[in-house]
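Heads up, the thing below is written out as C-alpha cells.
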C-alpha cells in the first residue's frame, strides 16, 4: 500500500486540478444557495408581517418565498448529485488506479442477496439488500470484494455497514463463525436463533475468547482455520476497525461484516475538496483491503491455490 | 416425616451422583473422540510418508540415512502400540521429515519438482490439521481433568476410579522448529 507521502504527491500532481474545479463549483453553488436563501428568508419575514397586519401584499411575498426556498433546495440537490457523480466516476477510479493494479469498481452495484445468505452472518432471513460502491480486488493470490450494504428482514434493517468476501487460503468443509462476545451486539442473537446446532469452540487465546464467541460445526476444523497466529491477527484487525466486526468461514471463503453507519465514498456538500477529504476516503479503502494482508491470506503453503 | 426427609435427601444425592457420573463419562468420551481426530490425522500423515520418501530420495543422496530411519520408524507403527508410544513414534518421524524438508534449499531440482511441491503442501496441511486436532484434544483433556478434580465431583471420580489424563505437550525441539513457511524460503 502507498504511503501518505506518495498519496500527497499523487494528489498534488493528478487530483489537485480536478479537486480545485470541484471546489470552485461547490463554492459557487453554495454562494447561489445563500443568495436564494437570503431572498427567501427576507420575503418570508415580510410575508409574516403582512399576515399580521392583514396587508394586501400577502400573495406578493408568499410566491417569492416559496420560489426562493424551492430554488435553494433545487441548487443543493443538483450540486450534491453532480459532486457525487464526479467523485465516483472520475476521482475514485483515479485513486483506485493509483492504489491497485487489478480491480473492478461499480458505483451502483450491490452484493447479491445469495452471497449475503451464504455467509450466514445475518441472524434473520434476508428479505432484501441494498448497496452501492461494489469493489473487487485481486491482491496477490487472494481476491477480495466488498460493498456498502444494508440488509433488511422484512422492513427492519438488520445490518448496515461494509460486507467483505474474500478467498481463504485453506480448504475446509465445516462452517465456523467468529462473532462479537458482547451480548449487546446484534450478532449475539445469532447464537440462539440460527446456530442452535453449532457447538461453541473454546480457544486457548484468553483475550480472543473474551472478545469473540466462536461457533462451529467441526471442533477440529475450527482450530485448523483459527490458528494461534490468525486469532492474534483477527484481534488486531478488530482493534483497527474499532467496531464489532464478525467473521464467518463458509465454503472456502471468509466473510466479514463491519457495522458502519456513515455513508462512505460520498462527498458532503459542506465539506471542502482538499487532501484531507481524499484521505478520509482513502482510509476506509485501505482498511478493508488490508484484510488480506492483516490476516495473511496470501500465505499459500497448503494445497489450495 | 423424618423418613420422608431422609428419603428426599437420598434421592437428591442419587440424582447428583448420576448426573456427575454422566458428566464425567461425557467428558471422557469427548477426550476419546478428540484422540480419534488426532489418530485420523496421524494416519493421513502416515500414508504420505512413502510417497514423500520415494520422491525425495531420488534427489537427496546425502540425506539417505535419515530417510532410511524414517522408513524404519514408520514400519514400527502398529495398532498394538499404546497411544503414547504411537504419538511418540509419529513425533519422531515428523521431526526427521522436517529436518529433511529444511535441507530442500540444497537441492534445486527437487525444489522445482511439481510432485514434491504438491507433497510438501499436503504435508504442511496435514501438520496443521494435526496441530488443530491436538489443540482440540488438549481442550477436551482439560475439561475432563477439571471435571474429575474439582470438588465435589472428585468424590464421584474417586469412587469410579477415573484418573487424570496428560495433555499433549510439544517437546522443546519441536518448539524450535522453523515454521512451515520458512521451508519455502
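Residue numbers (the numbering used here), protein chains in the order written: chain Y, 68 to 372; chain C, 13 to 197. The beta-carbon is built from N, C-alpha and C at its ideal position, and this holds for glycine as well. A quick note: this is a predicted structure, and the numbers were derived from the prediction, not measured.
Collapsing the DSSP output to three states places residue 173 of chain C in coil.
Between the C-alpha atoms of residue 109 of chain Y and residue 135 of chain Y there is a straight-line separation of about 10 Å. The beta carbon of residue 67 of chain C does not come within 7 Å of any beta carbon belonging to chain Y, so the residue lies off that interface. Rounded to whole angstroms, residue 43 of chain C and residue 179 of chain C show a C-alpha spacing of 10 Å. Straight through space, the alpha carbons of residue 144 of chain C and residue 86 of chain C are spaced by roughly 22 Å.
Boundaries of the beta strand (DSSP E) harbouring residue 231 of chain Y: 223-234, taken from the DSSP string.
Of all residues in the region 278-293 of chain Y, the ones placed with a Cβ closer than 9 Å to any Cβ belonging to chain C are 286, 287, 288, 289, 290, 291, 292, 293, in chain order.
Contact annotation, residue 113 of chain C with residue 72 of chain C: C-beta distance approximately 10 Å; criterion of less than 8 Å not satisfied. Contact with chain Y is found for residue 147 of chain C, since one of that chain's Cβ atoms lies less than 7 Å from the residue's Cβ. Looking at the DSSP output, residue 322 of chain Y shares a beta bridge with Y:232, Y:315. In the structure shown, residue 159 of chain C adopts helical secondary structure according to DSSP, grouped into three states.
Taking residue 46 of chain C as the centre and dropping the five residues before and after it, the same chain places the C-beta of 145, 148, 149, 151, 152, 153 closer than 8 Å to its C-beta, in chain order.
If you check the CB distance, residue 173 of chain Y and residue 201 of chain Y come in under 7 Å.
Residue 198 of chain Y is bridged by DSSP to Y:216. In terms of Cβ geometry, residue 321 of chain Y and residue 235 of chain Y form a close pair [threshold 7 Å]. The beta carbons of residue 208 of chain Y and residue 363 of chain Y sit about 11 Å from each other, so the pair does not count as a contact at 8 Å.
Non-local C-beta neighbours of residue 149 of chain Y in its own chain, meaning closer than 8 Å and more than five positions away in sequence, comprise 92, ordered along the chain. By the rule that beta-carbons nearer than 7 Å mark a contact, residue 181 of chain C does not touch chain Y. Listed along chain C are 151, each with a C-beta nearer than 7 Å to that of residue 269 of chain Y. Judged by beta-carbon spacing, residue 213 of chain Y lies beyond the 7 Å limit of residue 170 of chain Y, meaning their Cβ atoms are not closer than that value.
Taking each of Y:153, Y:114, Y:316 in turn and checking the Cα distance to residue 291 of chain Y, the smallest one comes out for Y:316.
Collapsing the DSSP output to three states places residue 347 of chain Y in a helix. Taking all protein chains shown into account, residue 223 of chain Y has fewer than 16 neighbouring C-beta atoms within 10 Å of its C-beta and is therefore exposed. In the three-state reduction of the DSSP assignment, residue 193 of chain Y falls in the coil class.
Within the DSSP bridge table, the entry for residue 245 of chain Y names Y:281, Y:314 as partners. If you check the CB distance, residue 227 of chain Y and residue 217 of chain Y come in under 7 Å.
Against chain C, a Cβ distance below 9 Å from residue 229 of chain Y picks out nothing, because the smallest value is about 29 Å. By the Cβ neighbour-count rule, residue 309 of chain Y is exposed, with fewer than 16 other Cβ atoms within 10 Å of its own.
By the CB criterion at 7 Å, residue 334 of chain Y and residue 311 of chain Y fall outside the cutoff. Residue 267 of chain Y has Y:282 as its beta-bridge partners, per DSSP.
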